[in-house]
Ligand SMILES: [Zn+2]
Ligand SMILES: [Zn+2]
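In the working numbering, the protein residues as written are 161 to 449.
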């Protein structure tokens, strides 16, 4: 269906991993189509980033979670709660791998005191009944409405299994979100010919510094980072083989390194294996579709 209003991709948070930093917010993205909003991941800070972007949370139609690592879901519950408190009347459809249902219910239990109080004394609509959670368990069609069609495939992310990649089709355009993944052959097919591939990226040179800062000498931690993510040259190979038009880098590891988290380093690292357009993502960057 042709879009009446311009549609866009907004990078809300581009920092990858659970450590604390100031440079980038944790992973979250928004697609805006015909005024409706679709959220992909909800890391710590997503609400503030939405507010800074001027995106109306009452327009959120669906939330897609790639996997349940905390950097992708830390503010998932808060996003639902504050969206309700800001006037959303529902429904909001939420998709992601198990145990997303349990996580949603646990968050509602955690906030039960506040939720009940506001329903009772502020005459607000019921919160729980406006949230629909559908758990994804395999490669599949996920969601469709008059603006978007969404499919997913499983991608390899070390021990964090399952982890999903989402493909959005909007008015003839294809936008793929890699989610967290090591180099994935399946993703190359899934993203084939995409207008935009939003892909995570790892600079191997930064791994030792992360380990040094958090758990010096921790081999398991080192393996987790290296085996679960995609290096700069691998990201370029994927984009080349999939023949994507524009590659948008996000989920930067390391994030906030004064030496390594620099536009030219990410550009140069990926450019060696990809000739198309490369956008080094920054928080709140808006990309027209
Ligand atoms: Zn992550
Ligand atoms: Zn992850």
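Built from N, CA and C at the ideal position, the CB exists for glycine as well.
query: Heavy atom of ligand 2 within 7 Å of residue 320 beta-carbon; result: yes
query: Proximity to residue 431 [Cα-Cα], best of 278, 352 and 398; result: 398
query: Given residue 447 as reference, the closest of 377, 335, 349 and 403 once Cα atoms are compared; result: 335
query: Run of the alpha helix (DSSP H) containing residue 318, from where it starts to where it stops; result: Note, residue 318: premise wrong, no alpha helix (DSSP H); not H, not E.
query: Whole-number beta carbon distance between residue 291 and residue 169, since they are thought to touch under 8 Å; result: Residue 169 to residue 291, Cβ: 24 Å. No contact.
query: Given residue 289 as reference, the closest of 250, 282 and 262 once Cα atoms are compared; result: 250
query: Euclidean distance between Cα positions of residue 312 and residue 223; result: 13 Å
query: 8 Å CB neighbourhood of residue 450 in its chain, flanking five on each side removed; result: Residue 450 lies beyond the residue range present for the chain, which begins at 161 and ends at 449; the question has no answer from this structure.
query: Length of the line joining the Cα atoms of residue 341 and residue 372; result: 23 Å
query: N- and C-terminal bounds of the alpha helix (DSSP H) containing residue 211; result: 206 to 213
query: Nearest residue (CA-CA) to residue 259, options 344, 287 and 230; result: 230
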